[in-house]
């Protein structure tokens with residue numbers, strides 16, 4: 352079974368990626384990188400990552416979130432995070448990345464923040 | 137009574153999962169709780185990933201040697217690689233503002249955050265050993 356499944360939804364001009372599984376060194380991180388590159392290639396640069404289904408993340412996965420954030424910024428877009436698990440929230444706090452990412456608990460608020 | 141488990145793993149990314157699964161099983165057999173097991177899991181993943189990538193540099197002929205021990209003090213993990221070593225003080229602090237947007241360099245921070253003791257030493261026969269203790 353794959354480490355992670357990434358499903359795509361569209362809400363207006365915002366693309367939501369629902370992540371389900373592990374974002375860890377190897378397959379999980381690579382899958383996220385590929386998904387972000389593909390969206391940017393399609394000109395979709397308002398991206399919301401829904402992490403509600405991410406049961407596990409390691410430093411490589413956190414690094415991939417950062418790389419995604421900088422890649423989207425570079426293309427003039429915005430990447431935000433939705434529904435962090437407590438574990439991910441703890442890791443982002445330890446790394447001081449909560450000061451970098453826009454984080455939301457509910458989808459409607461996240462979507463309206465892009466306007 | 138102290139329980140010990142030793143493993144030799146190939147220098148491949150798949151070894152990270154193998155090590156974590158073995159450690160989870162071993163820790164649960166010792167009756168350790170979920171938060172404790174979760175901390176060990178993260179420390180094992182980060183240290184084995186470092187040994188595979190930075191220590192052994194994925195070399196087929198080199199192994200990552202893992203020891204798990206239930207001690208009177210708590211839970212002790214040692215991870216040995218066969219690389220050329222590194223100076224831990226040379227690793228930049230990933231929480232410094234100038235490093236926040238770097239894609240890597242957070243593994244050691246996680247190990248230190250979730251374990252009570254994290255120490256590096258040079259093995260007499262070559263390679264680096266990281267010893268980590270989680271106290272109960």
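Residue numbers (our numbering), protein chains in the order written: chain E, 352 to 466; chain D, 137 to 272. Beta carbons: idealized from backbone N, C-alpha and C, even for Gly.
Beta carbon proximity, residue i to chain B, threshold 9 Å
i: residue 372 of chain E; result: Among the protein chains in the structure shown, which are E and D, there is no chain B.
Proximity winner among the options, relative to residue i (alpha-carbon distances)
i: residue 187 of chain D; options: D:256, D:261, D:173; result: D:256
i: residue 357 of chain E; options: E:372, E:447, E:388; result: E:372
i: residue 330 of chain E; options: E:464, E:383, E:452, E:376; result: Here chain E has residues from 352 to 466 only, and residue 330 of chain E is not among them.
i: residue 435 of chain E; options: E:399, E:455, E:422, E:389; result: E:455
i: residue 384 of chain E; options: E:360, E:437, E:411; result: E:411
i: residue 396 of chain E; options: E:387, E:404, E:402; result: E:387
Under 8 Å by beta carbon: chain E residues contacting residue i
i: residue 246 of chain D; result: 409, 410, 442, 445
i: residue 178 of chain D; result: 409
i: residue 200 of chain D; result: Here the premise fails: no neighbours, minimum Cβ distance about 14 Å.
Residue-chain proximity (residue i, chain E), Cβ-Cβ < 9 Å
i: residue 230 of chain D; result: yes
i: residue 137 of chain D; result: Bear in mind that a pLDDT of 49 at residue 137 of chain D, under 50, signals an unreliable position, so the number given afterwards is only what the model happens to contain. Not one chain E Cβ lies under 9 Å of residue 137 of chain D.
i: residue 155 of chain D; result: no
i: residue 292 of chain D; result: With chain D represented from 137 up to 272, any question about residue 292 of chain D goes unanswered, as that position is not in the structure.
i: residue 182 of chain D; result: yes
i: residue 150 of chain D; result: yes
i: residue 257 of chain D; result: no
Chain D contact residues for residue i, given Cβ-Cβ distances below 9 Å
i: residue 421 of chain E; result: 237, 239
i: residue 454 of chain E; result: In chain order: nothing, as chain D lies at least about 15 Å away.
i: residue 451 of chain E; result: 236, 237
DSSP state of residue i mapped onto helix, strand, coil
i: residue 459 of chain E; result: helix
i: residue 137 of chain D; result: A caution first: residue 137 of chain D carries a pLDDT of 49, below 50, which makes its placement in the model too unreliable to give a value.
i: residue 447 of chain E; result: coil
i: residue 421 of chain E; result: helix
i: residue 211 of chain D; result: strand
i: residue 235 of chain D; result: helix
i: residue 267 of chain D; result: strand
i: residue 403 of chain E; result: strand
i: residue 170 of chain D; result: helix
i: residue 361 of chain E; result: strand
i: residue 435 of chain E; result: coil
i: residue 376 of chain E; result: coil
i: residue 341 of chain D; result: This structure cannot settle anything about residue 341 of chain D, because the visible part of chain D is limited to 137 through 272.
i: residue 195 of chain D; result: coil
Distance cut-off 8 Å: residue i Cβ against heavy atoms of the ligand NAD
i: residue 162 of chain D; result: For the structure depicted, the ligand NAD is absent and the ligand set is empty, with no information on it obtainable.
For residue j and residue i, believed in contact at Cβ under 8 Å, the rounded distance
i: residue 168 of chain D; j: residue 448 of chain E; result: In fact, because the Cβ distance is near 29 Å, the residues do not count as touching under 8 Å.
i: residue 182 of chain D; j: residue 409 of chain E; result: 7 Å
i: residue 200 of chain D; j: residue 147 of chain D; result: 6 Å
i: residue 156 of chain D; j: residue 211 of chain D; result: That pair is no contact at about 14 Å.
Under 7 Å by beta carbon: chain D residues contacting residue i
i: residue 448 of chain E; result: 236
Contacts that residue i makes with chain E (C-beta to C-beta distance below 7 Å)
i: residue 243 of chain D; result: 410
i: residue 163 of chain D; result: The contacting residues do not exist; residue 163 of chain D stays about 16 Å from chain E at best.
Beta carbon proximity, residue i to chain D, threshold 9 Å
i: residue 415 of chain E; result: yes
i: residue 425 of chain E; result: no
i: residue 418 of chain E; result: yes
i: residue 355 of chain E; result: no
i: residue 375 of chain E; result: yes
Proximal residues of chain E, C-beta to C-beta of residue i below 9 Å
i: residue 147 of chain D; result: Simply none; closest approach about 13 Å.
i: residue 195 of chain D; result: Residues of chain E passing the Cβ test: none, with the nearest at roughly 17 Å.
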